[in-house]
Amino acid sequence: MVVSMLNQVTFEWGIKQFLILHVTSSMRRLDCHVMHELSIASSIVETVTAEMLSRGLTSIGKVGLRIGALTNVDPEALRFGYETMVVDTPLAGSTLEIESLLVKAVCRKCGLSFEAYDFIFICPNCESGDNEVTQGQELEISYLEAE
Amino acid sequence: MADRISIEKKVLSENDRLAGEIRAQLQARRVVALNLVSSPGSGKTSLLEKTIGALSGTVRMALIAGDVQTENDANRLKRAGGKLVRPIVTGGACHLDAKMITRALGELDIDSIDLLFIENVGNLVCPASYDLGEDMKVVLISTTEGDDKPLKYPSMFRRSSAMVINKIDLMGFSEFDLTQVRQNALSINGNLNIFETSCRTGAGLDSWYDWLRGLIAAKRA
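Protein chains in written order, with the working numbering: chain A, 23 to 169; chain B, 12 to 232.
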């Protein structure tokens, strides 16, 4: 009984590893030949796959992302790329939940925190162009939700 | 309610890790590393050809030239006198990543250099996301492009430390407005060093070379 269960687990594990290798290598060939978001999607699949393996998860429901507006990543294109890629893999059926973050900066001259509307990084208070981005460069996986 | 597992991991963390290794490796050898980015055809290769010609007597240089197809750029750099040149043909990918740079550096003798140029694939979108372990990015724009390009590709202009406005000899043949492009670029990034050059006439190249020499001197200090 125990042996057959172990066999089953090992078999599933093997299949998964095969799929992961197969999927990630074919994705690398595609890369962003098609679009920028596809290469980002491929990195997400790799990271999520590694997390699933290390946590012993066999399926996944949602992948939570935080994406800053300064990353040039279009959420809809990313979603499309991801969902196309995960068909017939252990990640099949999972969806991306994207939290979009606006661009914010802090002025180095007067210290004001401001939102950089339309990516214009000029302090609305003192008009200095010397500032530091505090939000908007995120490209992070924040959480996974098992099904 | 499904179980939520907190991950907090950068999507490009593996690339960032490799870039960190490259940066440490170059820093230990006091090499200045510049990542050149632009649209296709702004003049990255021409600028490097000129730079090799002007500095190769005094500055030891290595160059990595990325292209989607062909080794044409790398061959041009060799013909211009580049001794340490490695091509990277991405075979479709529209940007270089840190793994490609690690591989290319393994084939270059970086113990003996002062300056490393990485000529990225011509593209103002994707290369912005991929850290290659460089000290800084240098973005090129030419006067045959729109002067609103910094506003269209803010991420790249924000992440760059210098902007080279190339082909200034062609000013007047297009609607390109020098004052406008400076204003646009500085509204995205007020700390940009700006150069105006023509690789055909040589105009403005001296201040570009001086800036490079300054970076090398600062690295050695």
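Built from N, CA and C at the ideal position, the CB exists for glycine as well.
Keep in mind it's a predicted model, so treat the numbers as computed, not measured.
By the Cβ neighbour-count rule, residue 159 (chain A) is buried, with 16 or more other Cβ atoms within 10 Å of its own. Using beta-carbon distances, residue 139 (chain B) counts as an interface residue toward chain A, with a partner under 8 Å.
Ranked by Cα distance from residue 222 (chain B), the options B:100, B:166, B:204 and B:33 are led by B:204. Residue 108 (chain B) and residue 24 (chain B) have their C-alpha atoms some 12 Å from each other. Between the region 42-50 of chain B and the region 143-153 of chain B, the count of C-beta pairs closer than 8 Å reaches three or more; the two stretches touch. The alpha-carbon separation between residue 228 (chain B) and residue 66 (chain B) amounts to approximately 14 Å. Contact check for residue 141 (chain A) and residue 199 (chain B): beta-carbon distance about 6 Å, within the 8 Å limit, so the pair qualifies. Of all residues in the region 190-223 of chain B, the ones placed with a Cβ closer than 7 Å to any Cβ belonging to chain A are 197, 198, 199, 200, 201 and 202, in chain order. Residue 76 (chain A) sits in a helix when the DSSP states are folded into three classes. Within chain A, the residues placing a beta-carbon under 8 Å from that of residue 14 (chain B) are 167 and 168, ordered along the chain. Check the Cα spacing between residue 136 (chain B) and each of B:144, B:165 and B:122: the tightest is with B:165.
For residue 116 (chain B), the enclosing alpha helix (DSSP H) starts and ends at 109-117. For residue 111 (chain A), no beta strand (DSSP E) run applies, since DSSP gives it neither H nor E.
Here residue 205 (chain B) carries a strand assignment [DSSP, helix/strand/coil]. Using a Cβ-Cβ cut-off of 9 Å, residue 77 (chain A) is close to 16 of chain B, given in chain order.
Nearest C-alpha to residue 84 (chain A) among B:217, B:14, B:37 and B:189: B:14. The residue from B:189, B:141, B:179 and B:191 with its alpha-carbon nearest to that of residue 167 (chain B) is B:141.
Selection B:159, B:106, B:173 and B:157 evaluated against residue 133 (chain B) yields B:106 as nearest (Cα-Cα). Distance from the Cα of residue 129 (chain B) is smallest, within the candidate group B:155, B:180 and B:74, for B:74.
Proximity of chain A to residue 169 (chain B) at the Cβ level (cut-off 8 Å) is accounted for by 92, 141, 143 and 155, in chain order. Interface with chain B (8 Å Cβ-Cβ cutoff): residue 133 (chain A) is excluded. Along the region 30-104 of chain B, the alpha helix (DSSP H) occurs as fully enclosed runs of 4 or more residues at 55-66 and 83-90, listed in sequence order. In the three-state scheme derived from DSSP, where H, G and I count as helix and E and B as strand, residue 179 (chain B) is classed as helix.
The Cβ atoms of residue 92 (chain B) and residue 117 (chain B) lie no closer than 8 Å to each other. Closest by C-alpha distance to residue 94 (chain A), out of A:123, A:69 and A:82, is A:123.
Bridge partners of residue 230 (chain B) according to DSSP: none are assigned. Neighbourhood of residue 53 (chain B) in chain A, by CB distance below 8 Å: empty, with the nearest CB roughly 18 Å away. Residue contact check for residue 118 (chain A) against chain B: no CB pair falls below 8 Å. At a Cβ-Cβ threshold of 8 Å, residue 58 (chain B) and residue 155 (chain B) do not count as neighbours. Contact check for residue 139 (chain B) against residue 170 (chain B) passes: the beta carbons are separated by less than 8 Å. Scanning B:54, B:121 and B:83 for the CA closest to the CA of residue 35 (chain B) turns up B:121. In the displayed model, residue 195 (chain B) falls within a helix according to three-state DSSP.
In the three-state DSSP reduction, residue 131 (chain A) falls in the coil class, being neither helix nor strand.
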